[in-house]
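Chains as they are written, first to last, in the working numbering: chain G, 1 to 116; chain W, 117 to 229.
Beta carbons: idealized from backbone N, C-alpha and C, even for Gly.
Please read all numbers here as calculations on a predicted model, not as lab measurements.
Report on the structure given below.
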């Protein structure tokens, strides 16, 4: 157990639907990151939140949105789903206080999304 | 965003040392060098990180070139459980909490029994 909790572990849904992925960061970590990993692809950075505020954005589609709540958990919302959205979605957390590079990321075990 | 380049794949014999290289010629003075590894169907796992000096932990050693434009992750005795994709990334160490990190394709390490 890495300390980062992602739910659900598996999700199967139909095209056009909307889903929400949830992430609870490791205790004490203020930054949350979302990554997408398609089959045989690398990790694609989607978005970063720090203490409730959006801080960095990657190649996140307009159909996707995220937020970080006061208790620091984060949700990634995926809407109007397409077959190509099928992927592993990872959440990571980091202390990210005054020098994010000084501490490592802790990744969750991911949510496997299958769009049919 | 500072980038890294790594060989696509490497092979090692079991119980032999493995040296995984990473080039980061555009590294800035405040960038930390981080290594992660990802086993099949699992989330990436932190391995080690450093700034200028070589670093050791229970998993591996990190050797950083004097000009910091390259680094090498050293697994002292490869085991079958070390077969994974290894990622080398750079993370800014100056506090702005801005942290858009790009993971490249990494190096796929195969360990031969």
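>> I believe residue 82(G) touches residue 13(G) by the beta-carbon criterion, under 8 Å. Please report the beta-carbon distance rounded to the nearest angstrom.
In response: Residue 82(G) to residue 13(G), Cβ: 11 Å. No contact.
> Should residue 144(W) be labelled buried (16 or more other beta-carbon atoms within 10 Å of its own) or exposed?
Replying inline: exposed
> Nearest chain C C-beta to residue 5(G) closer than 8 Å, yes or no?
Replying inline: The question asks about chain C, but that chain is absent: this structure's protein chains are G and W.
> So what does DSSP say about residue 12(G), is it helix, strand or coil?
Replying inline: strand
>> Check whether the stretch 180–200 of chain W and the stretch 149–166 of chain W touch, using three or more Cβ-Cβ pairs below 8 Å as the test.
In response: Yes, they touch.
> Taking C-alpha atoms, which residue in 136(W), 128(W), 132(W), 129(W) lies nearest to residue 203(W)?
Replying inline: 136(W)
> What residues match up with residue 22(G) in a beta bridge as DSSP calls it?
Replying inline: According to DSSP, which records beta bridges pairwise, residue 22(G) is partnered with 7(G), 75(G).
> Between residue 113(G) and residue 11(G), is the Cβ-Cβ spacing less than 8 Å?
Replying inline: yes
> How would you write the range of the beta strand (DSSP E) that residue 166(W) sits in, first residue to last?
Replying inline: 161–166
>> Does the structure place the stretch 165–176 of chain W close enough to the stretch 118–131 of chain W that three or more beta carbon pairs sit under 8 Å?
In response: No, because fewer than three Cβ pairs between the stretch 118–131 of chain W and the stretch 165–176 of chain W fall closer than 8 Å, the two stretches do not touch.
>> Please list, in chain order, the chain W residues whose beta carbon lies closer than 7 Å to that of residue 104(G).
In response: 150, 162, 165
>> Quick check on residue 231(W) - is its C-beta less than 8 Å from some C-beta in chain G?
In response: Residue 231(W) lies beyond the stretch modelled for chain W, which goes from 117 to 229, so this question has no answer here.
> Relative to the C-alpha of residue 180(W), which residue among 160(W), 206(W), 162(W) is closest?
Replying inline: 206(W)
> How would you call residue 116(G), buried or exposed, if buried means at least 16 neighbouring beta carbons within 10 angstroms?
Replying inline: When all chains shown are included, residue 116(G) counts as exposed.
> Using the beta-carbon count (16 or more within 10 Å), is residue 140(W) buried or exposed?
Replying inline: buried
> Looking only at its own chain, which residues have a Cβ that is under 6 Å from the Cβ of residue 227(W), when we skip the five neighbours before and after it?
Replying inline: 128, 130, 194, 196, 198, 199
> So is residue 93(G) in contact with chain W if we call contact Cβ pairs under 8 Å?
Replying inline: no
> Can you give the Cα-Cα distance for residue 50(G) and residue 229(W), rounded to whole angstroms?
Replying inline: The alpha-carbon of residue 50(G) is positioned some 44 Å away from that of residue 229(W).
> If you count every other CB in all the chains shown that lies within 10 Å of the CB of residue 142(W), and 16 or more means buried, which is it?
Replying inline: exposed
>> By the three-class DSSP mapping on this structure, what secondary structure does residue 153(W) have?
In response: strand
> Helix, strand or coil for residue 196(W) per DSSP?
Replying inline: Here residue 196(W) carries a helix assignment [DSSP, helix/strand/coil].
> What do you get for residue 98(G), buried or exposed, if any count of 16 or more other CB atoms within 10 angstroms of its CB means buried?
Replying inline: Low confidence applies to residue 98(G): its pLDDT is 46, below 50, so where it sits in the model is not reliable enough to give any reading.
>> Give me the residue from 57(G), 61(G), 91(G) with the minimum Cα distance to residue 84(G).
In response: 61(G)
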